[in-house]
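Working notes, beginning with the structure itself.
Residue numbers (the working numbering): 215 to 377.
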């Protein structure tokens, strides 16, 4: 897998992914297992859509990702890997947050997040995470392949109403 837990940051940060110092790690282990299931399901889907008709390039970056970290010295590929990790984290986080909103509340409800005691509208968070992924995907796809991006879902922005 390309994605790592540390790639879930910013808007894509998933609560309880890491245990605070001195805390019981059981909740975090359960969250990590759940996120890992999402990664195993959604990372291949994302890569298939992003690398549509570019199997050689996909195989190349996957092989590079498997190298030990000290052997990953190609700066272009490292930048590409980091961009892919950010996009995949956004893609996985979108589906994770969407599922959490369905499990925990009615559509569009505001849920208290215990980490910060701030109110967070999960649906709006999903829109921000998705659109961030789309912005990076469009730019990177055109840079890599030199032509307009395909019509796959990962290249289309969403808004609050058509979520």
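Yeah, the Cβ is synthetic: ideal placement off N, Cα and C, and Gly gets one too.
Considering only 343, 243, 216, the residue with the shortest C-alpha distance to residue 253 is 216.
DSSP, reduced to helix, strand and coil, places residue 335 within a strand of the structure shown.
Comparing alpha carbon positions, the residue from 230, 271, 353, 314 closest to residue 335 is 314. Taking a C-beta distance under 7 Å as the contact criterion, residue 278 and residue 272 do not qualify as a contact pair.
Ranked by Cα distance from residue 373, the options 345, 352, 286, 287 are led by 345.
If you look at residue 273, you'll find it in the alpha helix (DSSP H) that goes 269-280.
Per the C-alpha coordinates, the member of 338, 257, 358 positioned closest to residue 300 is 257.
The C-beta distance from residue 342 to residue 307 rounds to 10 Å, too long to fall under 8 Å, and the pair is not in contact.
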